[in-house]
Each structure stands twice: as C-alpha cells, then as structure tokens.
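Participant:
Chains as they are written, first to last, in this note's numbering: chain A, 1 to 117; chain B, 1 to 528.
1. So with CB distances below 9 Å, who are the chain A contacts of residue 505 of chain B?
2. What is the DSSP secondary structure of residue 36 of chain A, counted as helix, strand or coil?
3. Where does residue 66 of chain B sit, in a helix, a strand or coil, going by DSSP?
4. Give the residues of chain A in contact with residue 110 of chain B, contact being defined as C-beta atoms less than 7 Å apart.
5. Below 8 Å, can you find three or more Cβ-Cβ pairs linking the region 368-378 of chain B to the region 332-350 of chain B?
6. When the cut-off is 8 Å and only beta carbons count, does residue 148 of chain B lie next to chain A?
7. Among all the DSSP beta bridges, which residues are the ones paired with residue 68 of chain A?
8. Please report the distance separating the alpha-carbon of residue 534 of chain B from that of residue 15 of chain B.
9. In chain B, which residues lie less than 8 Å from residue 28 of chain A when you measure between Cβ atoms?
10. Taking the straight line between their C-alpha atoms, what separation do you get for residue 274 of chain B and residue 37 of chain A?
11. Based on Cα-Cα distance, which residue from B:20, B:219, B:92 and B:44 lies nearest to residue 435 of chain B?
12. Just reading off the alpha helix (DSSP H) that residue 104 of chain A is part of, what are its end residues?
13. Consult DSSP for residue 55 of chain B and reduce its assignment to one of helix, strand or coil.
14. For residue 173 of chain B, return the contacting residues in chain A, with the cut-off set at a CB-CB distance below 7 Å.
15. On the DSSP bridge list, what partners appear for residue 117 of chain B?
16. For the region 82-98 of chain A, enumerate the residues whose C-beta is nearer than 8 Å to any C-beta of chain B, in chain order.
17. Who are the Cβ neighbours of residue 9 of chain B in its own chain at under 6 Å, not counting the five residues just before and after it?
18. Pull the bridge partners of residue 179 of chain B from the DSSP assignment, please.
19. What are the residues in the region 9-39 of chain B lying within 7 Å of chain A by C-beta distance?
20. Take residue 334 of chain B as the anchor and find which of B:429, B:387 and B:112 has the nearest alpha-carbon.
21. Is the region 62-80 of chain B touching the region 173-188 of chain B, taking contact as three or more C-beta pairs under 8 Å?
22. Against residue 36 of chain A, what residues of chain B qualify as contacts under a CB-to-CB distance less than 7 Å, listed in chain order?
23. Can you list, in chain order, the residues of its chain whose CB lies under 7 Å from that of residue 136 of chain B, leaving out five sequence neighbours each side?
24. Mapping DSSP to helix, strand and coil, what is residue 3 of chain A?
25. Which residue comes first and which comes last in the alpha helix (DSSP H) that contains residue 453 of chain B?
26. Among residues of its own chain, excluding the 5 on either side of residue 34 of chain B, which ones have a beta-carbon nearer than 7 Å to its beta-carbon?
27. By a C-beta neighbour count over all protein chains shown, 10 Å radius and 16 as the cutoff for buried, is residue 323 of chain B buried or exposed?
28. What are the start and end residues of each continuous alpha helix (DSSP H) run of 4 or more residues lying completely inside the region 351-414 of chain B, in chain order?
29. Quick check on the DSSP output: the alpha helix (DSSP H) that includes residue 246 of chain B runs from which residue to which?
30. Count the other C-beta atoms from every protein chain shown that fall within 10 angstroms of the C-beta of residue 49 of chain B, then say buried if there are 16 or more, exposed otherwise.
31. Which residues in the same chain have their Cβ closer than 7 Å to the Cβ of residue 315 of chain B, if we skip the five residues on either side of it in sequence?
32. Does residue 492 of chain B pass the burial test, meaning 16 or more other C-beta atoms within 10 Å, or should it be called exposed?
33. Between the C-alpha atoms of residue 11 of chain A and residue 359 of chain B, what's the straight-line distance to the nearest angstrom?
34. Within the chosen definition, does the region 160-179 of chain B reach the region 220-235 of chain B through at least 3 CB pairs nearer than 8 Å?
35. From residue 431 of chain B to residue 95 of chain B, what does the alpha carbon distance come to, in whole angstroms?
36. Identify the contact partners of residue 65 of chain B in chain A, using a Cβ-Cβ distance below 8 Å as the criterion.
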C-alpha cells in the first residue's frame, strides 16, 4: 500500500470521527465533503505508481513505449467530483432553509424545535 | 436496446415538463407506462432462458459499462414499472406541479438503471441520483415539509455511500475491473485476508440501504416525514428500498464463498423483532407502517441468508409480495389521511363505512403480510420455512405473530363511528385513487391462488405447497391469531416503555456512530 493510499484512508476515518463528535450542521456538511475528498484521493492513488506519465498520448506511436497512469480512475473521479458538488450544493441549500425556520445550527436544537412545532 | 429502458422514462419526464396540457400529458404518461410494462414483460420472458446483456457504446465487454438483465433483475424491473403505473393513475385527478412529474420519472429511469447495470461505479452514480431525487420528493409539500428529516436522510445516505465507493476502489485495486461479473471470476483467486476491508465497507452501505439494525432510524425519517405525498412513499418503501436488497444480493454473489451469511441472518432476525416493538408503540399511522416495512426487510434479509434453494425462491417471491402489499398500504392510508386530515390512529374511526374499498384493500394487504392461508404472503413464507431448521421456523412464526399484533392495533381505525362529512368536489379524485389500488389488492389474492403458476413463471421452477404443510400452517396461523388478539388486548396504551419507544430518536450523530460500529462489527467478525 502506497503512502497516499494510507493517508487517504486515515483522513477518511478522521473525518468520520469528526462527524460523530460534532453537533454543528455546517461542520457536518464540511466533514462529509472531506470524506468525499479522501475517497477521491484514494482512487487517484490506485492508478498511479512512481515514474509513470500522465495518461495523454499525442500519437499512436506513444502507445508502444510510454507507460502511463491508469486513466480509468481519473475519469471516474471526475464524475465523483461533479456528484459531490451537486450533493454539497443541495445540503447547503437545505441547511439555509432550515436555519431560516429554526434559527439554529445545532442538530439537537433543530430536532427539539421541530418536535415542538 | 437495454439502454432504452433507462432512457425512455427520462424522455417521458422531459416531455411531461414541457407539455402544456395537464390532462393530455397524464393520459400519455399512463399509455407510456403501459407500453413500458409490456416491454419489460417481454424482457422478462427473454431473461427466463438466458441473460440479456449489452455494452453501452459497443466497447469490448469489460472495458465499457455492461448492462445485464437476468431473472432476478427482470422481475424487479417489471415490479418497478407496475408500481409507477399505479401511482400515475393514483395521481390522475390530483394537481401536481410539473417538477413533480419530471423528478418522478427520472427516478423511475435511475431505479431501472440500478437493477440493470453490471458496473460498480455506474451503480454508485445511479444510487446517488435516486437518493437526491427522493430527498427532494419527500419534501415536496411546502406547507408541511420537514427540512430536518430531509437533511438527516440525505446526509446519512451520502456518508454511507462513501463507504461503498472506498470499498469499490479497494476492490478495483485488487481485481483491476469494475465489471461485477468479471470481478466474480477474479475474486476467488485473491488472498482472502485482503478481501476483509472491501467486504466490510461495501456491506456496511448495503446494510444501511436495507435498514438493518442499528441503522434503522432513517426509515421513519424518510417514510413518515410530514410533507411527503403518499405516491412518493409508495415508491420509497417498495422499489427504492428493494434496490438496497438487490445491492445486498449482488454483492454477496460477487464475494462468493467469502461472504458471511450467519451474521446477516442474525442481524436480519433482530431487525425484524426490534421493528415489531417499535411499530406496536407508535400512534402515527405512517410511523407504524414505516416500522412494518423495517420488519419486512429484516425478514427478507433473514430468509436470504438461511436455508437453501427453497428459501431463496421463497424470499424472492416474498420481495414481490411485500412490495405490492407495502404500495397498497401507503397509497391506501394516503387516501384515509387526506379524508380525515389527521395521522393519529386514535382519531381515525369508522373507515370501513366511509371508505369501504380502501379498507378491503388495506385488510388484504395486511393479511398478505402476516401470511394468511390462500394469500401470496403465506406461499412465500412457507417456501422460506421449508428447509429451515427449527430455530429459523420459530423466528419466522414469531415475526408473523408480531405482524398480527401490529394489524390488530391498526384495525382500530376500521370500526367505530366516522365523524367526517363527505364533500362533493373530492369524490371523483377519491374514486380514481381507490380504483388505482384495487389491482394491488387483487394481486395479493391472485398471487396466492395461482401461486404454483406464478412461481413457475417467475423462477422456472414448479414448487408448490402440499396439503400437509397447508394444514400445519393453517393450525399455527389460527393459534397465533388468537394469541395476537389477546396480546393486543393486554397492551396498555400509555405504559412508560411504550412512550419511550414512541419518542425514541437516535439523532444524526447516533446513526453515524452506528454506521461506524456496524462496520467495525463486520470487520472484526470477518477478519478473525
């Protein structure tokens, strides 16, 4: 396992720890995005080994003698980044509406105010 | 051709958004759904004999995204189209905004895509799409919507899907492919100790989607939230949650011998039993039904992981029966809630008089759920039980008994004197809604009477229940219904334990922590 893979798994579980320990809704949104970022880093590090070139081929002749990193992981993570942005945007919008209604950034307070009506 | 099954609902969605005439658009939507049912039935007939397969973009098979339709997925696709036809008819007289229909049919497309795709990453993308759409739809009703519930549902799903993505990344590193079927061939050649982490990561996500214990509390957030239309809940409780079970089945298949069945049998059974207690304590109709869904999904997971071939067939048949019954329950209670303007079980009375057709459909759906003889639920449960050991059989009957107690508690709404007055303007809408759920009630009966034929068509296997089993089942059924009646009488309404269970809410940090604990649990048990 390469260093980058190890670091991204550590960051993943650190973000998870932060999610469990924080009551603030904004922090929950930030740390869930951090989790996404760590997964993306993990995927990118799978396709990469030292001394490999970026997966760009200028001519078909390059195909023979240039060793490139795995392009599949990079292409897929582009999709994951886009999905991550969409999800973060929706979470933030929902948080803003929730804040206007309950006037709080705290999960527990929001729950109490919801049950009180 | 297979891509058309995913694309055509999305095209229909765009058409519904752009078309100006509301009534005409709905008629076209119903016709399109009918066409889709016929097409998926045709697909189902093909998939009975061989696996229909297609690679998107005509790539060499493993390089591109492969769509695969085998027996199981074709049945679920047929079920999806059936449910969506029902809800299109249900909403015929109701004025819904164009955005509603746009999202609804894109949701259908993505759900069919989940059942078809043979690619790990593609499944992740479609699951994210369906999560986002369902989050928006459960908050559709602006006046009563609960943002807390919506945000809770979205965040827990988004966090757990990261577990899946990390697991898939790890699997890709080990196998070098994202194709599920190719991975199935390569996994037996990998050192088992390396598979522990991806298995635990992926199964944590699958367990959350199936609402297994201790991650159950998101279900009432999604299925009992205030602003959600009944049609959305009908899709949510059936197809959306069944997609979780489907993921579970496929992932267990991918890991082959490495997969651990014993843990999930245990977790499934305990989910059902906890679900029964939670359901009995509720006063809100939708909370009660959402915990009933938990009981059913726990039972399905239990059935999948115990027993042999009969159990598999029985469980798959039960998945269909359960989906039909759950859809009928959520749509039927939707009619009642709108009529009485309340969700409180104690305040609704006399439904048998004010809405007779709805009541009968609801009763048949419930009868099917707790395995009444001659209904489809009993056939599937007897098949599950057939090759189980004595402990499994006892657990199955306890779960049935619990469902009966839930029914007796629910049945208080049917009797008594109705206090509402009929309004003329609403009757046509109600009639159409009632008309749309009748087929679901009929399917419960037909699926029981023609069970031999149904199982023959669905699974290519002629397995019927013999008379001795029927008599045994009937005797146990009568005994347990008497016991359930008395248990229901014994339960007092305001005991402190029930009150505590009724208001029990884990909070977001609790459920995130339980995701982590479940992951650690699987990791420890599989690792050692």
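Heads up, the beta-carbon is just placed ideally off N, CA and C, and yes, glycines get one too.
Facilitator: A quick look at the data gives this:
1. 111 and 115, listed in chain order.
2. Looking at residue 36 of chain A - three-state DSSP - the assignment turns out to be helix.
3. Collapsing the DSSP output to three states places residue 66 of chain B in a strand.
4. In chain order: nothing, as chain A lies at least about 13 Å away.
5. Contact between the region 368-378 of chain B and the region 332-350 of chain B is absent, because fewer than three Cβ pairs lie under 8 Å.
6. For residue 148 of chain B, the answer is yes, since a Cβ of chain A falls inside 8 Å of its Cβ.
7. According to DSSP, which records beta bridges pairwise, residue 68 of chain A is partnered with A:53.
8. The structure shown has nothing for residue 534 of chain B, since chain B only spans 1 to 528.
9. The answer, in chain order, is 155 and 508.
10. If you draw a straight line from the Cα of residue 274 of chain B to the Cα of residue 37 of chain A, it is about 36 Å long.
11. Nearest option by C-alpha distance: B:92.
12. Run containing residue 104 of chain A: none; DSSP gives neither H nor E here.
13. Residue 55 of chain B falls in the strand class under three-state DSSP.
14. Within chain A, the C-beta atoms nearer than 7 Å to that of residue 173 of chain B come from 46, in chain order.
15. In DSSP, residue 117 of chain B forms a bridge with B:67.
16. Along the region 82-98 of chain A, going in chain order, the ones with a CB nearer than 8 Å to a CB of chain B are 83, 86, 87, 90, 91, 94, 95, 97 and 98.
17. Same-chain partners within the cutoff: 105, 108 and 109.
18. Residue 179 of chain B pairs with B:119.
19. Of all residues in the region 9-39 of chain B, none has a Cβ within less than 7 Å of some Cβ in chain A.
20. When each option's Cα is compared against that of residue 334 of chain B, the closest is B:429.
21. Flag = yes, the region 62-80 of chain B and the region 173-188 of chain B touch.
22. Residues of chain B passing the Cβ test: 162.
23. Cβ neighbours of residue 136 of chain B within its own chain (closer than 7 Å, five residues either side excluded): 103.
24. Residue 3 of chain A: helix per DSSP, three-state reduction.
25. Looking at the DSSP string, the run of the alpha helix (DSSP H) that includes residue 453 of chain B is 451-459.
26. Sequence-distant Cβ neighbours of residue 34 of chain B in its own chain, meaning closer than 7 Å and more than five residues away, are 85.
27. Counting of Cβ neighbours within 10 angstroms places residue 323 of chain B among the buried residues, the total reaching 16 or more.
28. Look at the region 351-414 of chain B and you find these whole runs of alpha helix (DSSP H), each 4 residues long or longer: 351-354, 356-369, 376-386 and 390-410.
29. In the DSSP annotation of this structure, the continuous segment of the alpha helix (DSSP H) that includes residue 246 of chain B starts and ends at 241-255.
30. With fewer than 16 other Cβ atoms within 10 Å, it is exposed.
31. These residues qualify, in order along the chain: 300, 303, 304 and 384.
32. Residue environment: residue 492 of chain B is assigned as exposed (fewer than 16 neighbouring CB atoms within 10 Å of its CB, all protein chains considered).
33. If you take the alpha carbons of residue 11 of chain A and residue 359 of chain B, they lie about 54 Å apart.
34. Judged by Cβ distances under 8 Å, the region 160-179 of chain B makes no contact with the region 220-235 of chain B, as fewer than three pairs qualify.
35. Going from the Cα of residue 431 of chain B to the Cα of residue 95 of chain B covers about 15 Å.
36. Result: empty, since nearest Cβ-Cβ is about 11 Å, beyond 8 Å.
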